[in-house]
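Below is one structure; the comments refer to it alone.
In the working numbering, the protein residues as written are 362 to 479.
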């Protein structure tokens, strides 16, 4: 299977995870977000608006998937967003859904800041 080594801007030129998974989290994590960015899933869990549907896309995702993207609430993003790491199974599952080449996993220290602007 074709794969590639992630570049330093791998996340900023992808965004597939933000438009593939439901971004759910413990409701209190959403208290620092604009109220219209979250919606309840259960009594204790909320999710980002736009991600609890058959064709998800997070309300905070800005830009075009596979080209140039950013997160409008990057500094306030949930733990579930932070859990997805460049080239992990979730990342590559989302990338495949958008016909993007899967990434080869590198040592964690090498990918620590792939989702941040230099």
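We put the beta carbon where it would ideally sit given N, CA and C, even for glycine.
No experiment lies behind these values; they were computed from the predicted model shown.
Asked, Found
"Since residue 411 contacts residue 423 with CB under 8 Å, what's their CB separation in whole angstroms?", "Incorrect: roughly 12 Å between the Cβ atoms, too far for contact."
"Compute the beta-carbon to beta-carbon distance between residue 462 and residue 369, rounded to the nearest angstrom, for a pair I have assumed lies under 8 Å.", "The Cβ separation is near 16 Å, so there is no contact."
"Out of curiosity, what's the CA-to-CA distance linking residue 479 and residue 374?", "Any reading at residue 479 is ruled out, since the residue's pLDDT is 45, under 50, leaving its predicted position unreliable."
"Classify residue 441 as helix, strand or coil using the three-state DSSP reduction.", "helix"
"Measure from the alpha carbon of residue 395 to the alpha carbon of each residue in 420, 380, 387 and 406, then state which is nearest.", "420"
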